[in-house]
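Accompanying notes for the structure given below.
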Amino acid sequence: MLTYRYPIPILPGSENQGPHGPTSVNYDYQYDHAEGLIYNTVPSKDGALIYADAAGDPTKPCLVFVHGLALSGAVFDNLFTNPKLIANFYLVRYDTRGHGRSAMPESLDAYSSEIYAEDFKAMAQAFKVEKPIFIGWSLGGTIVCDIAAHLPKGTLAGVVYLAALPFIGPIMGRVGTPLVLGFLPGLFSTDDVNLSTKTTIDFVDTLFADPKNVPFSFKTSCLGTALLQFPKACSNVVSRPQDPEKLYELAKEGLPLLALSGTADQQVHGDVVVEEMRPYFKNMDVHTVEGGSHALFYDNEAEVIDSISRFASKVFAGR
Numbered sequence: 001m002l003t004y005r006y007p008i009p010i011l012p013g014s015e016n017q018g019p020h021g022p023t024s025v026n027y028d029y030q031y032d033h034a035e036g037l038i039y040n041t042v043p044s045k046d047g048a049l050i051y052a053d054a055a056g057d058p059t060k061p062c063l064v065f066v067h068g069l070a071l072s073g074a075v076f077d078n079l080f081t082n083p084k085l086i087a088n089f090y091l092v093r094y095d096t097r098g099h100g101r102s103a104m105p106e107s108l109d110a111y112s113s114e115i116y117a118e119d120f121k122a123m124a125q126a127f128k129v130e131k132p133i134f135i136g137w138s139l140g141g142t143i144v145c146d147i148a149a150h151l152p153k154g155t156l157a158g159v160v161y162l163a164a165l166p167f168i169g170p171i172m173g174r175v176g177t178p179l180v181l182g183f184l185p186g187l188f189s190t191d192d193v194n195l196s197t198k199t200t201i202d203f204v205d206t207l208f209a210d211p212k213n214v215p216f217s218f219k220t221s222c223l224g225t226a227l228l229q230f231p232k233a234c235s236n237v238v239s240r241p242q243d244p245e246k247l248y249e250l251a252k253e254g255l256p257l258l259a260l261s262g263t264a265d266q267q268v269h270g271d272v273v274v275e276e277m278r279p280y281f282k283n284m285d286v287h288t289v290e291g292g293s294h295a296l297f298y299d300n301e302a303e304v305i306d307s308i309s310r311f312a313s314k315v316f317a318g319r
């Protein structure tokens with residue numbers, strides 16, 4: 001695989017000027033011809049490196065995709081090569097701290113809500129992202145709460161909860177299925193290799209409607225990514241404190257939300273997410289995929305892309 005290094009002018013906008021103000025950081029980007037991706041590791045405010053990549057035309061409206069627990073942005077490979085999405089949107093994804101190719105600090109203090117918001121800000125600044133739609137899958141949905149709490153209003157044009165957890169707290173016991181909550185001790189385990197390995201395999205299998213028919217290469221990619229996350233990091237990312245009050249404020253002010261879920265999701269109760277969020281979001285669309293799994297963007301790719309595209313077209317048309 002050949003890679004080429006380019007300076008920041010490969011992306012639009014003035015040099016050293018991000019959507020949240022000027023920066024003295026000079027970014028270098030690598031371009032992967034085989035994958036059609038621009039990628040980089042970006043320093044966050046605390047110095048931690050955050051991996052991100054992008055596909056498509058950066059002058060088009062932006063969709064930011066964020067993965068779920070134990071995984072990475074690589075789970076969205078099918079979307080980042082989808083012709084419909086590439087033709088209409090600028091696609092950006094990043095590995096959240098504690099996951100994949102990004103930093104995995106050991107201290108819980110390094111997983112604060114403010115720091116997660118700073119990670120998003122650093123990524124947005126580096127990739128010239130302004131007012132995107134944030135698409136959070138599973139645990140990835142919680143970062144909207146961080147952005148709402150610590151970044152200016154108007155940072156996001158809209159939100160898609162893709163079989164998502166809205167924020168970390170007691171709501172996890174209502175939104176998460178007993179099955180996925182039962183995985184946590186095994187994912188946190190540091191003294192039982194058999195339990196840890198079996199739990200990781202079961203966790204990945206329950207992402208899909210029919211795991212036996214998922215290509216071996218993709219399933220092992222998910223498993224390998226999960227094994228990159230050491231147990232302490234896994235514990236940190238699901239126990240960090242969050243306050244949803246600012247999220248509720250944005251919701252009441254009309255922040256657009258699309259709640260996407262599947263009826264066969266083994267990890268998240270999509271209907272409960274809707275029940276929990278409907279009292280706050282006055283501008284909320286709901287789309288339920290019949291037979292959709294937790295990884296419905298993979299198992300039900302066409303329907304999910306159509307739903308996101310309709311929502312995005314409506315949101316960006318109103319800007």
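Per the UniProt record's numbering, the very first residue in the sequence shown carries number 1; after that it's consecutive. We treat Cβ as the ideally placed atom computed from N, Cα and C, and that holds for glycine.
According to the Cβ coordinates, are L69 and L91 closer than 7 Å? No, Cβ-Cβ distance for L69 and L91 is not below 7 Å.
With distances taken from CA atoms, which of V268, P166, K252 and L49 is nearest A103? Relative to A103, the option among V268, P166, K252 and L49 whose CA is nearest is L49.
Pair every Cβ in the region 250 to 259 with every Cβ in the region 223 to 236, then say whether three or more of these pairs are closer than 8 Å. No: fewer than three Cβ pairs fall under 8 Å.
Helix, strand or coil for F216 per DSSP? Three-state DSSP puts F216 in a helix.
Compute the distance between the beta-carbons of S293 and D285, then report whether it is under 7 Å. No. Outside cutoff.
Going along the chain, which unbroken runs of the alpha helix (DSSP H) with 4 or more residues stay wholly within the region 58 to 129? Qualifying alpha helix (DSSP H) stretches, in chain order: 83 to 88 and 113 to 126.
Let's see if you can read the secondary structure: which residues bound the beta strand (DSSP E) around P43? That run of the beta strand (DSSP E) goes L37 to P43.
I need the straight-line Cα distance from F80 to A55, nearest angstrom please. Those two C-alpha atoms are separated by around 6 Å.
Just curious, the beta strand (DSSP E) that S261 is in, first and last residue? Residues L257 to G262.
Closest by CA to T96, which one among P215, D306, Y116 and Y39? In terms of Cα proximity to T96, the closest of P215, D306, Y116 and Y39 is Y116.
Based on Cα-Cα distance, which residue from I168, F203, K121 and Q229 lies nearest to R101? Nearest C-alpha to R101 among I168, F203, K121 and Q229: Q229.
Could you have a look at T190 and say whether DSSP puts it in helix, strand or coil? Judged by DSSP in its simplified three-state form, T190 adopts coil rather than helix or strand.
Out of L139, N236 and V273, point me to the one whose CA is closest to D109's CA. Nearest Cα to D109 within the set L139, N236 and V273: N236.
Which first and last residues belong to the beta strand (DSSP E) in which F134 is found? Its beta strand (DSSP E) spans residues I133 to W137.
With DSSP collapsed to three states, give me the class of G176. If DSSP states are grouped into helix, strand and coil, G176 belongs with the strands.
Looking at K232 and A149, is the spacing between their C-beta atoms short of 7 Å? The Cβ atoms of A149 and K232 lie no closer than 7 Å to each other.
Rounded to whole angstroms, what's the CA-CA distance from I133 to L179? Just pull it up for me. Cα to Cα, the separation comes out at about 30 Å.
Let me make sure I understand the geometry here. Which of Y94, V75, F76 and D77 has the alpha-carbon closest to that of V42? Taking only the C-alpha atoms, the option nearest V42 is Y94.
G158 versus G47 - alpha carbon distance: Cα-Cα distance, rounded: 28 Å.
Could you check what DSSP says for I305 in three-state terms: helix, strand or coil? Three-state DSSP puts I305 in a helix.
What number of angstroms, rounded off, separates the C-alpha of F208 from the C-alpha of A302? If you take the alpha carbons of F208 and A302, they lie about 16 Å apart.
Taking buried to mean at least 16 other C-beta atoms within 10 Å of its own C-beta, is K121 buried or exposed? With 16 or more other Cβ atoms within 10 Å, it is buried.
What first and last residue would you give for the beta strand (DSSP E) that runs through Y51? Segment L49 to A55, the beta strand (DSSP E) holding Y51.
With a threshold of 6 Å on Cβ separation, who are the neighbours of L165 within its own chain once the five nearest residues in sequence on each side are excluded? Scanning its chain for C-beta atoms nearer than 6 Å, with the 5 sequence neighbours on each side dropped, one finds around L165 the residues L139, G141, T142 and V175, in chain order.
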